[in-house]
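Engineer: This is the structure I want to talk about, given as structure tokens.
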Amino acid sequence: MNIKPTARQLRYYEKAKLTSKESNHEKPMGCVIVCGNFIVSRGFNKTKSHTIQHRNDRKSNYYAPNACMHAEVDALIKSGRFDLTGCEIFLYRQDKHGNIANSRPCISCMPALESAGIKHVFYTTKEGFAYERIS
1 MNIKPTARQL RYYEKAKLTS KESNHEKPMG CVIVCGNFIV SRGFNKTKSH
51 TIQHRNDRKS NYYAPNACMH AEVDALIKSG RFDLTGCEIF LYRQDKHGNI
101 ANSRPCISCM PALESAGIKH VFYTTKEGFA YERIS
């Protein structure tokens with residue numbers, strides 16, 4: 001569902017945007033996991049993958065010809081043992097021209113977020129910003 005983000009949400013989208021600049025992937029994407037008003041973890045996609053990413057991909061029958069570590073999985077790994085129940089995740093991606101692009105979690109990452117307890121997913125689309133609640 002497309003949304004008009006609040007000032008608070010825009011602040012976290014901006015943090016995710018800054019995090020995406022650390023990516024070495026051709027389609028840089030960044031994210032932050034937020035609990036309350038505290039950033040628990042941040043992550044970005046990278047060309048080198050991870051065994052956890054491979055496991056998630058196999059479980060969801062997700063196939064990508066150029067497997068990489070997804071920003072969401074990177075952030076989940078970096079969150080360690082922090083209880084993410086009810087937390088939010090903000091994802092941001094730009095295309096090569098600097099326009100915002102789709103950053104909705106893929107079929108491999110959405111179950112991983114749900115399993116971690118994250119309930120609120122905010123992401124960019126070509127049209128602006130979107131929100132989904134994970135039940």
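Take 1 as the starting number for the sequence shown in UniProt numbering and just add one per residue. Heads up, the beta-carbon is just placed ideally off N, CA and C, and yes, glycines get one too.
With distances taken Cα to Cα, identify the nearest neighbour of Ala101 among Gly86, Thr124, Ala16.
Structural biologist: Indexing the sequence shown from 1 puts residue 101 at position 101. The residue with the shortest Cα to Cα distance from Ala101 is Thr124.
Engineer: Output the distance between the C-alpha atoms of Met110 and Ile33, rounded to the nearest integer angstrom.
Structural biologist: Taking the sequence shown and counting its residues from 1, the one referred to as residue 110 is at position 110. Taking the sequence shown and counting its residues from 1, the one referred to as residue 33 is at position 33. Their backbone Cα atoms lie some 14 Å apart in a straight line.
Engineer: Does the beta-carbon distance from Leu91 to Ala116 come in below 8 Å?
Structural biologist: The residue you call residue 91 lines up with position 91 of the sequence shown. The residue you call residue 116 lines up with position 116 of the sequence shown. No.
Engineer: The alpha helix (DSSP H) that contains Ser115, what's its start and end?
Structural biologist: Position 115 of the sequence shown holds residue 115. From DSSP, the alpha helix (DSSP H) with Ser115 extends over 109-116.
Engineer: Could you round the C-beta distance between Gln94 and Pro5 to whole angstroms and report it? I think they count as a contact, below 8 Å.
Structural biologist: For the purposes of this step, residue 94 is taken as the residue at position 94 of the sequence shown. For the purposes of this step, residue 5 is taken as the residue at position 5 of the sequence shown. The Cβ separation is near 16 Å, so there is no contact.
Engineer: Can you tell which of Ala67, Ala16, Gly128 has the C-alpha that lies nearest to the C-alpha of Cys106?
Structural biologist: Looking up residue 106 in the sequence shown gives position 106. Ranked by how close their Cα comes to the Cα of Cys106, the residues Ala67, Ala16, Gly128 have Ala67 in first place.
Engineer: With Leu91 as the anchor, note down where its beta strand (DSSP E) starts and where it stops.
Structural biologist: Taking the sequence shown and counting its residues from 1, one reaches residue 91 at position 91. Leu91 -> beta strand (DSSP E) spans 88-93.
Engineer: Using DSSP with H/G/I as helix, E/B as strand and the rest coil, what is Ile134?
Structural biologist: Locating residue 134 in the sequence shown gives position 134, where the first residue counts as 1. Of the three classes helix, strand and coil, the one that applies to Ile134 here is coil, per DSSP.
Engineer: Closest to Thr87 by CA distance: which of Ser135, Lys21, Ser20 is it?
Structural biologist: Position 87 of the sequence shown, counted from the first residue, corresponds to residue 87. Position check: residue 87 holds Cys in this sequence, whereas Thr was assumed. It is Ser135.
Engineer: When DSSP builds the beta bridges, which residues end up paired with Ile100?
Structural biologist: Start at 1 with the first residue of the sequence shown, and residue 100 comes out as number 100. Per DSSP, Gln94.
Engineer: Could you work out which residue in Asn45, Ala112, Asn2, Val73 is closest to Ser23 when comparing CA atoms only?
Structural biologist: In the sequence shown, counting from the first residue as 1, residue 23 sits at position 23. Ser23 has its Cα closest to that of Asn45, out of Asn45, Ala112, Asn2, Val73.
Engineer: Leaving aside the five residues before and after Cys35 along the sequence, list all residues of the same chain whose C-beta is less than 6 Å from its C-beta, in chain order.
Structural biologist: As a first step, residue 35 must be located in the sequence shown, where it is residue number 35. Same-chain partners within the cutoff: Cys87.
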